[in-house]
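Have a look at the structure below, then the notes.
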Amino acid sequence: MTKRVRTGLTRSDILDRYVERFKQQLVKFQPFLSRKRGSASLEDFDEAAEELIGQVFGAASDESESYFYAKTGESAILPEEAQESGTHNVERESLHQRRKVLESCLADLELRRRLQATRAGKGIETALVKDYMSHDVQSIHRGATIKQAGQLLLKHKVGSLIVDDGSRYIGIITDSDLTRRAVAKGLDPNTATVVSCMSRSLITIEEDESLADAMSLMKKQGIRHLPVTADATIIGVLSVSDLLRAFEDQRST
Numbered sequence: 044m045t046k047r048v049r050t051g052l053t054r055s056d057i058l059d060r061y062v063e064r065f066k067q068q069l070v071k072f073q074p075f076l077s078r079k080r081g082s083a084s085l086e087d088f089d090e091a092a093e094e095l096i097g098q099v100f101g102a103a104s105d106e107s108e109s110y111f112y113a114k115t116g117e118s119a120i121l122p123e124e125a126q127e128s129g130t131h132n133v134e135r136e137s138l139h140q141r142r143k144v145l146e147s148c149l150a151d152l153e154l155r156r157r158l159q160a161t162r163a164g165k166g167i168e169t170a171l172v173k174d175y176m177s178h179d180v181q182s183i184h185r186g187a188t189i190k191q192a193g194q195l196l197l198k199h200k201v202g203s204l205i206v207d208d209g210s211r212y213i214g215i216i217t218d219s220d221l222t223r224r225a226v227a228k229g230l231d232p233n234t235a236t237v238v239s240c241m242s243r244s245l246i247t248i249e250e251d252e253s254l255a256d257a258m259s260l261m262k263k264q265g266i267r268h269l270p271v272t273a274d275a276t277i278i279g280v281l282s283v284s285d286l287l288r289a290f291e292d293q294r295s296t
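Note that the numbering used here has the sequence shown beginning at 44, numbered continuously upward.
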């Protein structure tokens with residue numbers, strides 16, 4: 044029987060260590076994006092990154108899958124010019140996808156750490172969803188292709204698109220849906236439509252709800268983008284990055 048050993052570390056200490064390790068990984072990754080690469084091997088970096096993601100989030104987690112697909116260059120959201128310009132641009136876009144996954148992992152951990160601070164009494168109980176949501180709501184028709192969805196995400200620099208059928212909203216598709224679901228199913232981005240990998244359950248929150256309620260809902264549903272409504276009409280989107288901004292604002296006041 045395995046003996047349990049107490050390390051004396053609190054959960055907050057562990058989160059701090061994880062945050063720092065992901066920050067270090069991102070620093071180590073920078074040379075691969077520059078023209079002057081160091082002596083480090085990309086294969087060794089990938090191995091270390093996957094080991095870290097697996098340790099923190101789990102080997103079968105969405106984060107681990109996303110990094111795998113980014114590493115293999117099988118992302119369905121590669122820009123058209125990258126696909127047409129040859130191997131070099133595709134490889135570079137694969138590097139950018141790796142960085143996005145690592146940054147997403149870091150954002151998730153920083154949010155968890157700030158949630159702990161909230162429970163400790165440094166909360167943002169008075170902040171409302173409408174105070175921090177993004178008003179930039181981008182949508183796409185259900186008949187659009189996965190490739191078109193990826194191009195829209197890149198063009199507008201957003202992480203999600205609301206899917207409509209011409210008269211009403213029927214779902215949501217995110218950058219991680221394209222990276223994971225589309226590739227995992229072996230879908231052709233030029234012919235497969237967004238319906239094939241979107242989330243059909245459109246979970247929303249009213250603009251006058253608290254950020255605490257929004258965070259609880261996002262955690263319960265395992266989502267990072269939450270459409271915001273006013274009288275049942277979608278008027279914005281709240282994302283993990285918006286929540287982090289809220290915590291930063293509270294810390295500076």
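From the three backbone atoms N, C-alpha and C, an ideal C-beta is built for every residue, glycine too. These numbers were taken from a predicted model, which means no experiment stands behind them.
Check                                                                                                                                                                             : Outcome
What does DSSP give as the partner residue(s) for P74 in the beta ladder?                                                                                                         : According to DSSP, P74 bridges with nothing at all.
From which residue to which residue does the alpha helix (DSSP H) around I189 run?                                                                                                : I189 to H199
In chain order, which continuous runs of the alpha helix (DSSP H) of length 4 or greater are located wholly inside the region 220-293?                                            : 254-264
For the beta strand (DSSP E) that contains L171, what are its first and last residues?                                                                                            : It is not in any beta strand (DSSP E) - L171 carries neither H nor E in the DSSP assignment.
Any idea what DSSP makes of H184, helix, strand or coil?                                                                                                                          : strand
Compare the beta carbon distance of L76 and R142 with 9 Å and say whether it is the shorter of the two.                                                                           : yes
Quick check: F65 and L154, are their CB atoms within less than 9 Å of each other?                                                                                                 : no
Could you tell me whether the Cβ atoms of V144 and I189 are closer together than 9 Å?                                                                                             : no
Quick one: is R243 buried, meaning 16 or more other Cβ sit within 10 Å of its Cβ, or exposed?                                                                                     : exposed
Could you check the C-alpha separation between D208 and G186 for me, to the nearest Å?                                                                                            : 8 Å
Kindly list the residues whose CB is nearer than 6 Å to the CB of A235, restricted to its own chain and excluding five residues on each side of it in sequence; keep chain order. : I189
Does the separation of the CB atoms of V283 and D151 fall below 9 Å?                                                                                                              : yes
With D89 as the anchor, note down where its alpha helix (DSSP H) starts and where it stops.                                                                                       : L85 to F100
Whose C-beta lies closer than 8 Å to the C-beta of D220 among residues of the same chain, with five residues either side of it excluded?                                          : C240, M241 and S242
Short of 6 Å in beta carbon distance, which residues of its chain neighbour I57, apart from the five on each side in sequence? Order them along the chain.                        : none
Cutting at 8 Å between CB atoms, please list the residues of its own chain near V180, excluding the five before and the five after it.                                            : I205, P270, I277, I278, G279 and V280
Which same chain residues, not among the five before or five after K173, have their C-beta less than 6 Å away from its C-beta?                                                    : E250
Compute the distance between the beta-carbons of G229 and D218, then report whether it is under 9 Å.                                                                              : no
Which of helix, strand or coil does DSSP assign to D179?                                                                                                                          : coil
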